[in-house]
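**Q** The structure that follows is given in the form of structure tokens.
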Amino acid sequence: MNILTFDIEEWFHILDNASTRTEAEWGRYETRIYENMDRIFQLLDETKSRATFFCLGWVADKHPDVIRRIDAAGYEVATHSYAHQLAYEQTPADFQADLERSIKHLQDLTGKKVRSYRAPGFSIKEYNRWVFPILIEQGIEIDCSVFSARRAHGGDASLGMFEPGYLNVGGTLLKEFPINTAAVLGQDLIFSGGGYFRLLPYTAIRGLMRRSDYVMTYFHPRDFDAGQPMIPGLSRVRQFKSYYGLKHCWPKLHKLLNDFPFIDLAEAERQVDWSKVIRRDV
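As numbered in UniProt numbering, residues 1 to 282 make up the sequence shown, in order.
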């Protein structure tokens, strides 16, 4: 099962960086989302691939035609929050208000219920699992935020989820599609999205894909934009993480979609036998 997803945000939505931290800073930067989305739509059409789009409410607010185009093409629209803030830096009240705002903008544009959520930066850790009851309260049925490995902006290795399962949230079951890993030399390696996908050579990615029964991808429009400017204030490490591999990432995605079949989250939900999946109490 290979699931194709995109996190729809602008090229400057870099987390944990002073010059891009909040909406107050975002007005300083040029708009690049239209050209980047055109490229994605064209490739999906060429390869007949289905995908789920985790969209920022901010994008729905500022560029509603992007969301309408996703929906009109028949792709699934999910939420990636409104203002792309790290969940563990928010209070529960702030998180709920942000999520509610995002859902409203997306549903008003598509006329369809938003069922799925992914946290910015996979920013759910063991100490902010209070996120999950709020998701359920807001009508979210599927979460894609669990990252069972160490990560700069998130990760909850204690959950040990690497394939679809249930989160038992106070007696209510939330369907979870986590990020997958592959064991390489005794280490759990992430390869299916973001900087990991940009860093690894395609031959390695193809080999890991062939070994994996379950793959959850996550790409961003900026991952394929080699012409984007350098964000000010980034350390050399952050510059490497954010910009390395941009030039070669688009050909890699093109090869990936031609070499492997992909489905969207809705189809993946239908294919899972939910009577046999693991359950984790949170």
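Every residue gets a Cβ at the ideal spot worked out from N, C-alpha and C, and that includes glycine.
For Q90, count neighbouring Cβ atoms within 10 angstroms of its own Cβ and tell me buried if that reaches 16, exposed if not.
**A** Numbered from 1 along the sequence shown, position 90 holds the residue referred to as residue 90. Q90 is buried by the Cβ-count criterion.
**Q** For the alpha helix (DSSP H) holding Y202, just list the boundary residues, first then last.
**A** Position 202 of the sequence shown, counting from 1, holds the residue named residue 202. Unbroken alpha helix (DSSP H) run through Y202: Y202 to R211.
**Q** What's the call for D98, buried or exposed, on a 16-neighbour Cβ count within 10 Å?
**A** In the sequence shown, counting from the first residue as 1, residue 98 sits at position 98. So D98 ends up on the buried side.
**Q** To which residues does DSSP link M216 through a beta bridge?
**A** Translated into positions along the sequence shown, residue 216 becomes position 216. DSSP output for M216 lists I3 as bridge partner(s).
**Q** In the DSSP output, what is D143 paired with across the bridge?
**A** Counting from 1 along the sequence shown, the entry for residue 143 is found at position 143. Paired residues: Y117 and E176.
**Q** Here's a check: name, in chain order, each residue in its chain whose Cβ is nearer than 6 Å to the Cβ of I8, leaving out the five neighbours to either side.
**A** In the sequence shown, the residue the question calls residue 8 occupies position 8. Excluding residues within five positions, the ones whose Cβ falls inside 6 Å are F53, C55 and V59.
**Q** If contact is defined by three or more beta carbon pairs under 8 Å, each pair taking one atom from either stretch, is the region 159-178 in contact with the region 190-199?
**A** They do not touch, by the three-pair rule.
**Q** Whose C-beta lies closer than 7 Å to the C-beta of F95 among residues of the same chain, with five residues either side of it excluded?
**A** Residue mapping note: residue 95 aligns to position 95 of the sequence shown, counting from 1. The residues are A87, V131 and I134.
**Q** Would you call the region 224-244 and the region 168-180 touching, i.e. three or more CB-CB distances under 8 Å?
**A** The region 224-244, when compared against the region 168-180, does not touch it at the 8 Å Cβ threshold.
**Q** I think T79 touches I40, with their Cβ atoms under 8 Å apart; what is that distance to the nearest whole Å?
**A** What you label residue 79 is simply residue 79 of the sequence shown in a count that begins at 1. What you label residue 40 is simply residue 40 of the sequence shown in a count that begins at 1. Not quite, the Cβ-Cβ distance comes to about 18 Å (not below 8 Å), so this is no contact.
**Q** When DSSP labels each residue in this structure, what does G27 get in the three-state scheme?
**A** To locate residue 27, count along the sequence shown from 1; it is residue 27. The answer is coil: DSSP assigns G27 none of H, G, I, E or B.
**Q** Less than 8 Å between the CB atoms is what I'm expecting for L167 and R280, so what's the real figure, rounded?
**A** Within the sequence shown, numbered from 1, the residue matching residue 167 stands at position 167. Within the sequence shown, numbered from 1, the residue matching residue 280 stands at position 280. Right, their Cβ atoms sit about 6 Å apart.
**Q** List the endpoints of the continuous beta strand (DSSP E) containing E76.
**A** Residue mapping note: residue 76 aligns to position 76 of the sequence shown, counting from 1. Unbroken beta strand (DSSP E) run through E76: E76 to T79.
**Q** Using a Cβ-Cβ cut-off of 7 Å (strictly less than) and excluding sequence neighbours within five positions of A182, which residues of its own chain qualify?
**A** On the sequence shown, residue 182 is found 182 positions in, with the first residue counted as 1. Correct list, in chain order: L189, F191, L208, R211 and S212.
**Q** Taking the C-alpha atoms as reference points, what is the distance between A157 and P232?
**A** Within the sequence shown, residue 157 is the residue found at index 157, counting from 1. Within the sequence shown, residue 232 is the residue found at index 232, counting from 1. So the two alpha carbons sit approximately 32 Å from each other.
**Q** Please name the residue or residues paired with Y166 in a DSSP beta bridge.
**A** Along the sequence shown, read from residue 1 onward, the residue named residue 166 stands at position 166. Y166 pairs with K175 and R279.
**Q** In whole angstroms, what separates the C-alpha of R28 from that of F12?
**A** The residue you call residue 28 lines up with position 28 of the sequence shown. The residue you call residue 12 lines up with position 12 of the sequence shown. If I take the Cα positions, the gap works out to 10 Å.
**Q** Using C-beta distances below 8 Å, list every residue in its chain close to Y34, excluding the 5 sequence neighbours before and after it, in chain order.
**A** The residue you call residue 34 lines up with position 34 of the sequence shown. H63 and V66.
**Q** Relative to the C-alpha of R32, which residue among K255, S242, H254 and R222 is closest?
**A** Stepping through the sequence shown from its first residue, residue 32 is reached at position 32. Ranking K255, S242, H254 and R222 by Cα distance to R32 puts R222 first.
**Q** If you measure between the beta carbons of T5 and C144, is that distance less than 9 Å?
**A** Residue mapping note: residue 5 aligns to position 5 of the sequence shown, counting from 1. Residue mapping note: residue 144 aligns to position 144 of the sequence shown, counting from 1. Going by C-beta atoms, T5 is nearer than 9 Å to C144.
**Q** In the DSSP assignment, what residue or residues form a beta bridge with R270?
**A** The residue given as residue 270 occupies position 270 in the sequence shown. DSSP lists no partner for R270.
**Q** When burial is assigned at 16 or more other CB atoms within 10 Å of the CB, is G74 buried or exposed?
**A** Locating residue 74 in the sequence shown gives position 74, where the first residue counts as 1. Label assigned to G74: exposed.
**Q** Please classify A18 as buried or exposed, where buried requires at least 16 other C-beta atoms within 10 Å of its C-beta.
**A** The count along the sequence shown starts at 1 and reaches residue 18 at position 18. When all chains shown are included, A18 counts as exposed.
**Q** Going residue by residue through the region 83-138, where are the continuous alpha helix (DSSP H) segments of at least 4 residues, counting only ones entirely within it?
**A** Here the runs fully enclosed are 92-110 and 131-137.
**Q** Among A266, I278 and K276, which one has its Cα closest to the Cα of R50?
**A** Working through the sequence shown from its first residue, we reach residue 50 at position 50. It is A266.
**Q** Apart from the five residues on each side of it in sequence, which residues of its chain come closer than 8 Å, Cβ to Cβ, to S116?
**A** Indexing the sequence shown from 1 puts residue 116 at position 116. Closer than 8 Å at Cβ, skipping near neighbours: T52, F54, E76, A78, T79, I140, E141, I142, D143, C144 and L265.
**Q** Do D16 and G155 count as a contact pair if the criterion is CB distance below 9 Å?
**A** Reading the sequence shown from its first residue, position 155 is the one you call residue 155. Reading the sequence shown from its first residue, position 16 is the one you call residue 16. The answer is no: Cβ separation not under 9 Å.
**Q** With DSSP collapsed to three states, give me the class of T181.
**A** Here the question's residue 181 lines up with position 181 in the sequence shown. Coil, per DSSP.
**Q** Could you work out which residue in G111, L159, K48 and K125 is closest to D259 when comparing CA atoms only?
**A** Here the question's residue 259 lines up with position 259 in the sequence shown. Answer by Cα proximity: K48.
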